[in-house]
Each structure stands twice: as structure tokens, then as C-alpha cells.
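With full-length UniProt numbering applied, the sequence shown corresponds to residues 1 to 484, in that order.
Glycine included, each C-beta is placed from N, C-alpha and C at the ideal position.
Structure, as C-alpha cells:
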Amino acid sequence: MEDEDAMPPPPTAEPPAEGKRTKADYPQGDEAETPTQQEPQQPSPPCSNGGADVVAQLRAWKERGARIEQLLAKKNAKMQEMEETENKLKRLLAMAKRSIDNSKQELAEKDETIQKLRGELATSQQARHSWFVDAATRDPRQLLHKVAHGNLLWCLVEYANESEFDDSKESAWHCFRTEEEIQAYANRASGEPLMLPDFSMTPYEVERVKKSLKEEIDRVQEEFRRYRVRSEITRKQKDAEIRKMSANVMAKQTEQISETDLSGELQSSKAQIRRLTKAQAEAEERESDWRRKFEKLMKDYEKLSGTMGETVLAMEWRERYEQSAREKQELEKKMEELKVMPSGAFGNGSDNGNGDLQSLRQEFAQYRKRALNAVEQKEKELSDIQAHYHENGGGSSNASRTNSFKEVRVRRMSMESNSSLSGFETPNATKTNEYLKNIVYKYMASDQDEAKEHMEKAIATVLNFTPAEITSIQEKRKQQGWFW
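Next comes the structure, spelled out in C-alpha cells:
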């Protein structure tokens, strides 16, 4: 091919000259391919250079045409081979498609046959199944449920498998006329004797039991909520009274010490401070005890959710009554100690302090009277609660009576709190300012909302707040969520 490309272009036509050959003078066909072989046999006449070039070009063109024909023949053979391969693939695809269609048709026919056989099997099983037990009935493995309907007893029976390696479970309902028939059928089981189940409840009975249990739970929860509210209010009231007692006694002792310089009064005042500190510690212990009681009440809530709620509630009410009686005795002992204390603390004073001592004794007598009234009222409330509990049958409550009882208690506690705050009158402007200063200081230094609440009541009493102003403050407190 390189020789062909490098071959010079054919010469242009020139007029024939003398001694030159024309195209007809050159050999044609095979004669042109073997000029060298014929030259020794038939020598040609001499030719010029132009004729040799034309012969070489013709020979090259012929060779090139022969190669092109060979390539075309190969290409045609290759294309024919590819067409034959394509036809074979088309035939294979058609055969595969027919095979797939045949397989789908066979699968559909098999599915129809399986469904038909399953239907026939279910029909035959239903035809063979009998509600009543006879000799042909399979032996039981377990009796699952027993229900009484009409004059018959129905049992859901799980059959025993014929093969030990078969783990499938089959069950069916059978009816019996008496318990003896059920027991006789259960005795047919191989191995251990079967336990007959109890009668299952009907849907109506189940709904009725669920409804009654839900009503009982709601009633116990409501009773517990009311009791928790009452106990919390009582606890806050008692804590406020204890704090007021401690604050008033401390203020009186501080004023007495500032007015006198006697060593006996100073020592007695220190002893009084120690007693008050001890009383404060006891109050803190009582507060922790109330917290423990609250946690116990939360546990009681879980107990009351069970089936023995009424019995547990009755026992707890009895324990609370005994605890309140013990607290009453302790308060009476403390009142006796406070009654004896002023005579020992101020017995060594001079004649100039007799007037103040007398006024302090009068104030203490008034305070003691109010405290005794509070204790008696607490005892009366406890007896009312116990009587209310017994009247309601150990826990059952009447909504209207309970609500009225709660309103009366809340109203009475509010009146007691207001009366206890209004019972302490300030003797003069100086003591009032000192008392108010002490309360404001404790109010600003305290972080407890409950303590601030009682201090606000004391401030309102000293500064003579109007009822409208007190109501506004209480509403603000309620909005902030202090009242539980």
C-alpha cells in the first residue's frame, strides 16, 4: 500500500511519436502480469521510459483492486455470519419465550389445583369434625377454655399429635353435657392427667367487672387526693404556728435582754434561746417527718390501686389517728413547759420590770389560750374525720358531704390563721418598727415560698392592709402556683 501511495500520477496523454507503442500494443490480462517470463521467450521490441511507467501503474491498480475485492468478500462473509447468528438468537429468544409462557401456564394450573385440593381438604375436615366427642375423636393434649352456654358445656381442645416429631398444634371446640363427660374425655390423654380449666367469663361479665374495678379505682384516687390536700393544708398551718411561736418568743426575749443588764436574766435568756433552738430543731424534724409522710402517702397511692385498697386505707387512717393523738400529747407537754418557763426566767427582775413582766404574762396567757384552742380544734377535726370515715363504710364517700366538709375545714383554717396573726398587737411604735424590721429582713433573706407567705401575712397585719389589698396579694400568690 505504501508503494501505491508513493506512485506518481499517470502521465498525461501525449501524441504518439514514432517508435512508441499505443495502448493496443500492450498485452492484456495475464500477459501483463508475467512480462518477465515471456521476455526470454518472446522478446519485445524496445520501449521508451513512458511505457514502463504506464505498465507499472496498471499493475499496481490491478493489485489494489484485487485486494479490495478480497476485503469486500471477507466483509460480506462476516455480515452473512452475523446475520445467521442473529437469526439463531431470535429463534432461541422465541423458544425461551414459549418456554416461559408454558411454565407460567403450568404454574397457574398447579396453583388452581392446590387451591382446589385445599378446599376439598377443609371440606373433608369439616365433614369429619363432630361437636360431640366419640370414639373417632382424637385424644386431647390440653383443655384450653371452658364456657357454659345454654345447657351445654363447650371446651376448646388442643389435640395430641400422632407423631412425636410433629410440633404443629391443632385445636377445635367440643360440647359436653356434664362435667363427668369432660373428665372422661380428659382421661383419654396419655401421660399426666389433664387439669380442667375454670369457667371463662362471658363478655358481658368481663365488661361489668372492668367497669366496677374502674369505678373503685376512681373513688379511691379521689379520696386520696382530698386527704392529701387536707394533710398539706394542716401541715402548712402547723408549721406557720410553730414559726410564729419561735419568732415571738425570740423577739420578746431579745427585747427583755436589751432593757435589763441583770446577769440572771441574761443567763435565763440564753437558756431560753437554747430551748427555742431545740424547739426549732424539733420543728425541722417534724417537717422532715411530714415529708416522709408525704412519701408514704405516695406509696399508699400505689397500694390503693390494688384490690385491697379499702383494707389498707382503713389501717392507715387508724395509724394517722394514733399519730395525731401522740402529737397532741407532745404539744400539751410543750405548752406546760412554756407555761412554767416565764416564772423561772424573769423571777429575779427588779420592781421596775414588774409591769413588763405582767404584760408578757398576759400575752403568753392569751397565746397559750389560742394554742390550746387550736389543739382542741385539731382533736375535734380528727374525731370528725374518724366519724366521717366510719359513716361512709371504710372508704366510700358522698360527694356533696365531702365537698362541704372540705370547704368548712378550709374556711376554719383561714379564720384561725387570720385570728392568730391579728392576736399579736404591737405595744408601741418602737417595738412595731423593730418587729417589722425583723420580719422584712427575714422575708428578704428567705428562699422558701412557704415562709414568705406567712411573713407577708404578718406584714399585712402590722401595716393594716385593707381586705382588698390582701385579696389581691393572695390572688397573685395563687397565680404563681404556691397553693397546692
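- V462 has its alpha-carbon roughly 25 Å from the corresponding atom of R235.
- Out of R228, I217, E255 and L276, the CA that lies nearest to the CA of S246 is found in L276.
- In the DSSP assignment, E158 is bridged to Q142 and S171.
- Residue pairing by DSSP puts F132 in a beta bridge opposite C175.
- Here Y441 is exposed: its Cβ has fewer than 16 other Cβ atoms, across all protein chains shown, within 10 Å.
- Of the other Cβ atoms in all chains shown, 16 or more fall within 10 Å of the Cβ of F224; this residue is therefore buried.
- Note on geometry: alpha-carbon atoms of R286 and S268 lie some 26 Å from one another.
- In the three-state DSSP reduction, A184 falls in the helix class (H, G or I).
- Three or more Cβ pairs closer than 8 Å define a contact, and the segment 247 to 254 falls short of that threshold against the segment 200 to 207.
- Secondary structure of L196 (DSSP, three-state): coil.
- Secondary structure at A189: coil, using DSSP grouped into helix, strand and coil.
- Proximity to M195 across D167, E170 and V157 peaks at V157, based on C-alpha coordinates.
- Of the residues I273, W154 and E192, the one whose Cα lies closest to the Cα of A160 is E192.
- Shown here, L153 sits in a strand according to DSSP, grouped into three states.
- Per DSSP, V54 has no beta-bridge partner at all.
- R118 has its alpha-carbon roughly 21 Å from the corresponding atom of D167.
- Of the residues S383, E170, L72 and E179, the one whose Cα lies closest to the Cα of L152 is E179.
- With contacts defined as CB atoms closer than 8 Å, I473 and E450 fail to qualify as a contacting pair.
- Restricting attention to alpha helix (DSSP H) runs no shorter than 4 residues, the UniProt domain "GRIP" (426 to 476) encloses them at 429 to 445 and 449 to 462, ordered along the chain.
- Contact check for H454 against R243 passes: the beta carbons are separated by less than 8 Å.
- Excluding five sequence positions before and after A283, the CB atoms of its chain that fall closer than 6 Å to its own CB belong to I242, given in chain order.
- The beta carbons of A189 and R138 sit about 11 Å from each other, so the pair does not count as a contact at 8 Å.
- Taking the C-beta atoms as reference points, S171 is found no nearer than 8 Å to L213.
- Burial state of H149 is exposed, judged by a 10 Å Cβ sphere holding fewer than 16 other Cβ atoms.
- Note on V133: 16 or more other CB atoms within 10 angstroms of its CB, so buried under the neighbour-count rule.
- Non-local C-beta neighbours of V54 in its own chain, meaning closer than 6 Å and more than five positions away in sequence, are absent.
- F294 counts as exposed, since fewer than 16 other C-beta atoms from the protein chains shown sit within 10 angstroms of its C-beta.
- The C-beta distance from K146 to P197 rounds to 5 Å, short enough to fall under 8 Å.
- Here I100 is exposed: its Cβ has fewer than 16 other Cβ atoms, across all protein chains shown, within 10 Å.
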